[in-house]
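>
Next comes the structure, spelled out in structure tokens:
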């Protein structure tokens, strides 16, 4: 058992835009602090032996220019990789390809107080306007938030369901509470970005229903 609301409140959320060569893109940002040093969080996020313990089975070549594939989910190409100990902020950039949709992820790791690590993930891409109007940022945000919940458990947070328990847990009372609380938080972030409150509420309700009704049929390829 976990305190769902503690985990939801541990996440910071932001919704914005970015100008890319192909035009204006939407950016969904998820930030969470983990009780582990940067080196350990980096290894958990980049080691193919550890990734399945909190996320999904992965195959491929996890080097710059290499292609990866998450089982039953997205694949892509590693475009940038800056491990700890270098001159810049540790992190990596990769495409996120699901079907004919190609977006991107950018992950940054920043040392925090007490030896903790702040992880920031930007999911960047062009999103169909009709899809965005129907589901809003929570379609991607809830998925990443559930992934970071798994990472927290892998790094020592007690009671967090394992990937093997994930589908059953999402259908449980705690899982439904997690989805609803996360959806409401993404609704607030959506409104803070300038969205119409009524439209943001309707999109959040549709996304929560999609995740709670059948997590394997979430509205957007998401962890």
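In the numbering used here, the protein residues as written are 23 to 245. Positions of the beta carbon are idealized from the N, C-alpha and C atoms, including for glycine.
Do residue 174 and residue 162 have their C-beta atoms within less than 9 Å of each other?
Here residue 174 is taken as the residue at index 152 of the chain shown, counted from 1. Here residue 162 is taken as the residue at index 140 of the chain shown, counted from 1. Going by C-beta atoms, residue 174 is not nearer than 9 Å to residue 162.
> Measure the CB-CB distance between residue 211 and residue 35 and report whether it falls below 9 Å.
Stepping through the chain shown from its first residue, residue 211 is reached at position 189. Stepping through the chain shown from its first residue, residue 35 is reached at position 13. Yes, the pair counts as a contact, with Cβ atoms nearer than the cut-off.
> Taking the continuous alpha helix (DSSP H) assigned at residue 75, which residues delimit it?
Sequence index remark: in the chain shown, residue 75 carries index 53 (1-based). Where residue 75 is concerned, the enclosing alpha helix (DSSP H) stretches over 73 to 76.
> Return the CA-CA distance between residue 78 and residue 219, expressed in angstroms with no decimal places.
Taking the chain shown and counting its residues from 1, the one referred to as residue 78 is at position 56. Taking the chain shown and counting its residues from 1, the one referred to as residue 219 is at position 197. For residue 78 and residue 219, the distance between alpha carbons rounds to 34 Å.
> Under a Cβ-count criterion, where at least 16 other Cβ atoms within 10 Å of its own Cβ denotes burial, should residue 30 be classed as buried or exposed?
The residue you call residue 30 lines up with position 8 of the chain shown. Buried: at least 16 other Cβ atoms inside 10 Å.
> Comparing C-alpha positions only, which one of 231, 196, 217, 230 sits nearest to residue 27?
Numbered from its first residue, the chain shown carries residue 27 at position 5. Per the Cα distances, 196.
> Between residue 56 and residue 222, what straight-line distance do the alpha-carbon atoms span, to the nearest angstrom?
Within the chain shown, numbered from 1, the residue matching residue 56 stands at position 34. Within the chain shown, numbered from 1, the residue matching residue 222 stands at position 200. If you take the alpha carbons of residue 56 and residue 222, they lie about 29 Å apart.
> Below 8 Å on the Cβ atoms is my guess for residue 53 versus residue 131; work out the distance and round it to an integer in Å.
Reading the chain shown from its first residue, position 31 is the one you call residue 53. Reading the chain shown from its first residue, position 109 is the one you call residue 131. Not really, about 11 Å apart at Cβ, beyond 8 Å.
> Going by CA-CA distance only, name the one from 61, 48, 42 that's closest to residue 177.
Residue 177 sits at position 155 when you count from the first residue of the chain shown. It is 61.
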